[in-house]
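Numbering (my numbering), first residue to last: -7 to 50.
Heads up, the beta-carbon is just placed ideally off N, CA and C, and yes, glycines get one too.
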Amino acid sequence: MMWISDSRDEFTKERLEAINDEFKLYRCHTILNCARACPKGLNPGKQIAHIKSSQPKA
-7 MMWISDSRDE FTKERLEAIN DEFKLYRCHT ILNCARACPK GLNPGKQIAH
43 IKSSQPKA
């Protein structure tokens, strides 16, 4: 996720195209169990929701 928002990354478009699929990005239903279970306190569900809202659905 961090590579998608990194302005220095030259492959953002390719990364977004690779995950814009009903079996990848849109499999996440933003229930946020991943955030509750993450031992590092990360919140991937929040980032996934942000990416979903910033691009059209496949």
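Original post:
Whole-angstrom Cβ separation of I40 and L17, contact assumed at under 8 Å?
Top reply: Residue 40 sits at position 48 when you count from the first residue of the sequence shown. Residue 17 sits at position 25 when you count from the first residue of the sequence shown. Rounded, the Cβ-Cβ distance is 7 Å, consistent with contact.
Subject >> Rounded C-alpha distance that separates S46 from I23 >> reply: Reading the sequence shown from its first residue, position 54 is the one you call residue 46. Reading the sequence shown from its first residue, position 31 is the one you call residue 23. Looking at the two C-alpha atoms, the distance is approximately 19 Å.
Original post:
Quick one: what's got a C-beta closer than 7 Å to T4's C-beta in the same chain, skipping five residues either side?
Top reply: In the sequence shown, counting from the first residue as 1, residue 4 sits at position 12. Result list for T4: I(-4), in chain order.
**OP:** Please report the residue range of the alpha helix (DSSP H) in which P36 lies.
**Re:** Along the sequence shown, read from residue 1 onward, the residue named residue 36 stands at position 44. For P36, the enclosing alpha helix (DSSP H) stretches over residues P36 to S45.
Original post:
On the three-state DSSP scale, how would you describe K5?
Top reply: For the purposes of this step, residue 5 is identified with residue 13 of the sequence shown, where counting begins at 1. DSSP places K5 in helix when its eight states are reduced to three.
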